[in-house]
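Q: Under the numbering used here, the very last position in the sequence shown is 64; numbers go up by exactly one each time.
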Amino acid sequence: MMGDTVTAVAEIAEVHASGWVWLHCTITNNADQVVLRGKVRGYPGRFAA
Numbered sequence: 016m017m018g019d020t021v022t023a024v025a026e027i028a029e030v031h032a033s034g035w036v037w038l039h040c041t042i043t044n045n046a047d048q049v050v051l052r053g054k055v056r057g058y059p060g061r062f063a064a
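#1: Could you give the DSSP three-state label for Gly18: helix, strand or coil?
#2: Check each candidate in Thr22, Ile27 and Arg52 and name the one with the smallest Cα separation from Pro59.
#3: Assuming Thr41 contacts Arg52 under a Cβ cut-off of 8 Å, what Cβ separation, rounded to an integer in Å, is found between them?
#4: I'd like to confirm the pairing. Which residues does DSSP put opposite Gly53 in its beta bridges?
Structural data, given as structure tokens:
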């Protein structure tokens with residue numbers, strides 16, 4: 016809902032030998048409900064979904 020406070024957490028899930036990493040990301044609202052979950056792969060400093 017508009018105006019909710021959200022908390023984002025990103026955890027490093029995997030680090031590949033070539034340097035790229037997988038991040039698992041979770042966003043929760045102020046009722047501690049998960050509102051978005053995703054995975055991001057990229058190189059440190061230049062992430063792309």
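Note that the Cβ used here is the ideal one computed from N, Cα and C, for glycine as well.
A: Quick answer:
#1: Along the sequence shown, read from residue 1 onward, the residue named residue 18 stands at position 3. Note: Gly18 maps to coil in three-state DSSP.
#2: Walking along the sequence shown from the start, residue 59 turns up at place 44. Looking at the Cα atoms, Ile27 is the closest of the given residues.
#3: The residue given as residue 41 occupies position 26 in the sequence shown. The residue given as residue 52 occupies position 37 in the sequence shown. Right, their Cβ atoms sit about 5 Å apart.
#4: Position 38 of the sequence shown holds residue 53. According to DSSP, Gly53 bridges with Cys40.
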